[in-house]
Each structure stands twice: as C-alpha cells, then as structure tokens.
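Down below is the structure, laid out as structure tokens.
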Amino acid sequence: ELYVDALEPLKATLGEVHPEVGFLYVKIGYLYGKKGDLNLSLLAYKAALKAYGEPSSDASPVSGGGGGAIHPEVVSIWVQVTRHSTTLKSWRDVLVAGRRALFMLRRSKNTLFQGARLTTSATNSSNNYEGARSVSPPQQHPRVPAASRSSKKSHIQITCQTYYDTLFATLQCLGQAHTSLSDYPLARDACSESLRLAWEMALSSSHNLCSSISGPATSSKEKNEQVPLLTDLILRIIRALKRLGKAHLLERHYTPALECFLPSLELLRSSAETESTLDCASVLGSLGFLYLKLQRYNESSNFLRECLRLYLRNGVDENDRETRKVQAWLEMAESREDEICAAPPSFLEIPTIVFNDENGDSIGG
Numbered sequence: 074e075l076y077v078d079a080l081e082p083l084k085a086t087l088g089e090v091h092p093e094v095g096f097l098y099v100k101i102g103y104l105y106g107k108k109g110d111l112n113l114s115l116l117a118y119k120a121a122l123k124a125y126g127e128p129s130s131d132a133s134p135v136s137g138g139g140g141g142a143i144h145p146e147v148v149s150i151w152v153q154v155t156r157h158s159t160t161l162k163s164w165r166d167v168l169v170a171g172r173r174a175l176f177m178l179r180r181s182k183n184t185l186f187q188g189a190r191l192t193t194s195a196t197n198s199s200n201n202y203e204g205a206r207s208v209s210p211p212q213q214h215p216r217v218p219a220a221s222r223s224s225k226k227s228h229i230q231i232t233c234q235t236y237y238d239t240l241f242a243t244l245q246c247l248g249q250a251h252t253s254l255s256d257y258p259l260a261r262d263a264c265s266e267s268l269r270l271a272w273e274m275a276l277s278s279s280h281n282l283c284s285s286i287s288g289p290a291t292s293s294k295e296k297n298e299q300v301p302l303l304t305d306l307i308l309r310i311i312r313a314l315k316r317l318g319k320a321h322l323l324e325r326h327y328t329p330a331l332e333c334f335l336p337s338l339e340l341l342r343s344s345a346e347t348e349s350t351l352d353c354a355s356v357l358g359s360l361g362f363l364y365l366k367l368q369r370y371n372e373s374s375n376f377l378r379e380c381l382r383l384y385l386r387n388g389v390d391e392n393d394r395e396t397r398k399v400q401a402w403l404e405m406a407e408s409r410e411d412e413i414c415a416a417p418p419s420f421l422e423i424p425t426i427v428f429n430d431e432n433g434d435s436i437g438g
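Add 73 to a position in the sequence shown, counting from 1, and you land on the number used in this note's numbering.
This is how it looks when you write it as structure tokens:
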C-alpha cells in the first residue's frame, strides 16, 4: 500500500514515463505476485513496461527498443509477464510476451555477462592496486553500458547466474503455449531448443558438482548441499524431454515421442528421490496413453496401473480429473486386451517414476 500511495506523487513529479516510476511498478508487481494475485501483478508489470518506454503488450515481438542498450529491468519484466501468463493459461499473451522476452534475452546476453566480468575485473584491479601502488597503475577498463549498470536492482532482475535458467523457462513457456494452441511444429522448435539448453547446462555443471561431491576436502554438509543441484539438472532435462514428447505425441509422431518419454523415465528411476513421485506418474501416464495409441494394450495397461498407484501413494483424489482420465484409458486398454486375446508381450519392467506436469498438461497424468 505504501508503494501504491507513492505512485501518484512520483508520477506527478517525474512523469508517466520514467525509470523510477517503472521501478516502483516492478516492486508492486513483485509483491502482488508473492501474494498470489497474478492478475494484479500482471497489471503492475505492464504499467512498468510503459513507464520504461516499452511497446504495448500487443506489439510485435521484435519491435521497439531500436539499436540501443536494453534496460535489464525491462528484460526481467517481460520474463515475469510470460511466466504469469503461462500460469493463468493465457496462451496468446504467452506468445507475445515470451517472444519479446526471448528476443531481449538473446540480445542482452553479451552486455549482461560483459558487465559482470568488467565489474569483477575492476574490483580485482582496484584491490591489487591498493597493495602495489608503486608498481603499476590499475588498467583502464571499457565502460559498462549505462543500461546495464544501475544502483537499483529489483527482486526479479536477471543476473548472469540466473540467465540460463530464465532462458530455459521462457522456452518451456513458449513450447507449452504453442502446444496448447495446436501449433505443433513451433512447439517442437521451442521444446527442442530447451532440451539442447538443458543438456548444455547439465554437462557444463555436472562435472564440477561431481568433482566437488567426491573431493576428499569436501565436508559432508557441502556434499549434501550439492546433491539437490544435481537433481535440479536432471529434472530440467526430464521436463524438456516430456514436453517435447507431448508435442510429438499430439502430432501422432509416436516413435519420436517414445524416444522422449522412455529416457525421461529412465532418468527419473535413477534417483530414489524421484522414482515414486508425481513426476513419475505423469511420465507413466504419457507412456500408457502412447502404447494405447500403438495398440500395445498389455504395456499400456501396466504403465497406467502404475500411474494410478503412484497417484494414490501421493494423495491424489480418485475423483480428480486426471485420475478419471487415466482410469478411462486403463479401462479401454483392458477391454481391447481382452478382445484380441493375444499372447502377452515380452516382459517390460514397469518404471516407477513420472513427471509431474507442473503446468497442467492434458496428456500423461
């Protein structure tokens, strides 16, 4: 309320379009988001964009901004608008905001990382100079663009540490929006790019994490702190595989879909922390539906039974829409299995892990 009360005097003094006004709107949007009121949060973020001089929400994804430096808060605001719109399932808004966010993330990458390097380098040079003033003066460094150096940083502002996570999340939002709007080729493009990024992030981080965990000088507390980071790397790959698999499945490209779901299941089974979760139930449900489409009813029934077992284990209501959907698939698979009276297929071990579709996808439990 204090921030809201301060808006009108600030706008009267500085005008509607001013970074200080935009920054205050960002604070208001962040607080509404923390309270769970995403609609009011979105209104505040869109007002912040106008205050920073950004085009309206119906602008072209790559319009505006000219050739100048991008204010770091503006990139972060577009990312937040994309995330909130995804949660609210406003898919058209996701496409507009997500494309704009993706464009600005890519364009601002070099400036963001250069600014971080120069800041660190300048600090080190200053420290060295204080200790050896008579040896040589500090090296002069290029100036960081004004848009990237700001004394004020909001809670949502993207840093070099959060850049790739933010890029991945934005691609995932776009993939889900395209899938929900039945634009499967574009969904595959976004999901494939997010999967490549997830692998790159995992490969670049896992070696250092594994070395740190296995190092003799590492304390047990430090090792325990590293394990969740490894789990996050794996779950990011699983999330990308599952969303890409869904796009293939809806396009009736069953073989590529299987090539996504089975590895995601294998990754989930690799950890005791994830093998009995709702994450597992979702992948099992997707595989059950896929095998139903392939008329492999025995495998379908097994996967769907395991999916329902994990739903029950994790406290999902038996009257929940997803539960009823999986039950209907199971009844269909069992009835077809009885009809054809075929010999059971070769044994296939039932995985005990499914991916919890945090965004409410309609396929796969």
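A virtual CB, placed ideally from N, CA and C, is assigned to each residue, including glycine.
Source: prediction; values computed, not measured.
By the 10 Å Cβ neighbour count, where 16 or more other Cβ atoms means buried, how is residue i classified, buried or exposed?
i: His157; result: buried
i: His144; result: buried
i: Leu97; result: buried
i: Ser255; result: exposed
i: Glu127; result: buried
i: Asp305; result: exposed
i: Gln234; result: exposed
i: Leu351; result: buried
i: Gly388; result: exposed
i: Gly361; result: buried
i: Ser337; result: buried
i: Ser359; result: buried
i: Glu81; result: exposed
i: Ser343; result: exposed
i: Lys226; result: exposed
i: Asn197; result: Here Asn197 scores only 47 on pLDDT, less than 50, and its place in the model should not be relied on; the value that follows carries that caveat. By the 10 Å Cβ count, Asn197 comes out exposed.
i: Lys108; result: exposed
i: Glu391; result: exposed
i: Asn371; result: buried
Check this for me: beta carbons of residue i and residue j, under 8 Å apart or not?
i: Thr243; j: Ala320; result: no
i: Leu317; j: Arg261; result: yes
i: Val152; j: Ile101; result: no
i: Val154; j: Lys119; result: yes
i: Leu247; j: Gly171; result: yes
i: Leu268; j: Ala313; result: yes
i: Thr48; j: Val169; result: Lying before the first or after the last residue shown, residue 48 is absent from the chain, which here runs from 74 to 438.
Closest to residue i by C-alpha separation, out of the options, would be which residue?
i: Leu308; options: Tyr103, Leu340, Leu323; result: Leu340
i: Ser440; options: Gly126, Ala406, Lys123; result: With the chain running from 74 to 438 in the structure shown, residue 440 is simply not present.
i: Arg173; options: Glu266, Val148, Thr184; result: Val148
i: Leu175; options: Thr239, Lys226, Leu335, Ser227; result: Thr239
i: Thr229; options: Ser278, Val99, Met177; result: It is worth fixing the name first, because residue 229 is Ile in this sequence and not Thr. Here the closest residue by C-alpha is Val99.
i: Ile150; options: Leu381, Pro92, Leu268; result: Pro92
i: Leu357; options: Asn371, Arg378, Ser343; result: Arg378
i: Leu335; options: Leu363, Glu324, Ser349, Arg325; result: Leu363
i: Leu303; options: Ala313, Leu314, Glu412, Ser277; result: Ser277
i: Pro161; options: Ala121, Phe186, Lys123, Leu113; result: Checking the sequence shown, residue 161 turns out to be Leu, not Pro. It is Leu113 whose Cα lies nearest to the Cα of Leu161.
i: Ser181; options: Lys315, Gln249, Pro82, Glu146; result: Glu146
i: Glu404; options: Glu346, Arg382, Leu185, Leu365; result: Leu365
i: Val399; options: Glu412, Gly109, Arg382; result: Arg382
i: Phe376; options: Thr184, Leu259, Trp402, Arg179; result: Trp402
i: Glu322; options: Asn371, Ala345, Arg179, Leu367; result: One point to set straight first is that residue 322 is Leu, not Glu, in the sequence displayed. Checking every option, the nearest Cα to that of Leu322 belongs to Leu367.
i: Lys315; options: Asn371, Arg369, Gln245, Ala345; result: Gln245
i: Glu412; options: Thr396, Glu391, Arg369, Phe186; result: Arg369
For residue i, report the span of its alpha helix (DSSP H) as first-last.
i: Arg156; result: 145-160
i: Leu335; result: 327-342
i: Arg369; result: Arg369 -> no alpha helix (DSSP H), and no H or E assigned at all.
i: Ala345; result: Here Ala345 belongs to no alpha helix (DSSP H), and DSSP marks it neither H nor E.
i: Asn112; result: 111-124
i: Leu228; result: Before going on, a small fix: residue 228 reads as His here, not Leu. It is not in any alpha helix (DSSP H) - His228 carries neither H nor E in the DSSP assignment.
i: Leu80; result: 75-87
i: Thr239; result: 236-253
i: Gly95; result: 92-108
Indicate whether at least one CB of chain B lies closer than 8 Å to the CB of residue i.
i: Val389; result: No chain B is part of this structure, which consists of one protein chain only.
Check the C-beta distance from residue i over to residue j and give it rounded, since I have them as a contact under 8 Å.
i: Ala263; j: Ile310; result: Rounded, the Cβ-Cβ distance is 16 Å, inconsistent with contact.
i: Met274; j: Tyr237; result: 6 Å
i: Tyr125; j: Gly95; result: 4 Å
i: Ala354; j: Tyr384; result: 5 Å
i: Tyr105; j: Ala117; result: 6 Å
i: Glu324; j: Tyr257; result: 5 Å
i: Arg386; j: Ser349; result: 6 Å
i: Leu250; j: Trp164; result: In the sequence on display, residue 250 carries Ala and not Leu. Between Trp164 and Ala250 the Cβ distance is about 4 Å, and since that is below 8 Å, they are a contact.
Examine the ligand COA and report whether any of its heavy atoms sits within less than 7 Å of the Cβ of residue i.
i: Tyr237; result: Ligands displayed in this structure: none; no statement on the ligand COA is therefore possible.
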